[in-house]
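Chemist: Before I ask anything, let me first share the structure, which is written out below as structure tokens.
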Amino acid sequence: MLTELSAQGYQVESDEPGISTFRNVKLKNGEETIELVCSQMEPDKNGQEDITPEDEEWWVEDIYENGESFAKQF
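Numbering-wise (our numbering), the sequence shown opens with residue 130 and increments by one.
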């Protein structure tokens, strides 16, 4: 997903571990901000606390656009 968003002009503003096995990626394109809330595809696989983005495959749980959750729309 990051590749597709980068192709649309989004730049990664931050990519940080979230709570537990989650990862938060914030992207920006002009005034528009998107935050991806991701979780590990296989959370028990490594059993480590500090997991880098490269260590795992990630599933997008929710997308926030300008602070508004897409999951709440469904």
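Virtual Cβ for every residue (Gly too), placed ideally from N, Cα, C.
Express the C-alpha separation of residue 168 and residue 147 in angstroms, rounding to a whole number.
Modeler: If I take the Cα positions, the gap works out to 9 Å.
Chemist: With the cut-off set at 8 Å, would you say residue 191 and residue 166 are in Cβ contact?
Modeler: Yes, Cβ-Cβ distance for residue 191 and residue 166 is below 8 Å.
Chemist: Quick check on the burial criterion: 16 or more other C-beta atoms within 10 angstroms. Buried or exposed for residue 141?
Modeler: Exposed.
Chemist: Excluding the 5 residues flanking residue 136 on each side, which residues of the same chain have their C-beta closer than 8 Å to its C-beta?
Modeler: So the list is empty, once near-sequence residues are dropped.
Chemist: Let me know the secondary structure DSSP gives residue 171 once reduced to three states.
Modeler: Residue state, collapsed to three classes: coil.
Chemist: Return helix, strand or coil for residue 142, following the three-state DSSP convention.
Modeler: Residue state, collapsed to three classes: strand.
Chemist: On the criterion of 16 or more Cβ atoms from any shown chain inside 10 Å, does residue 133 qualify as buried, or is it exposed?
Modeler: So residue 133 counts as exposed.
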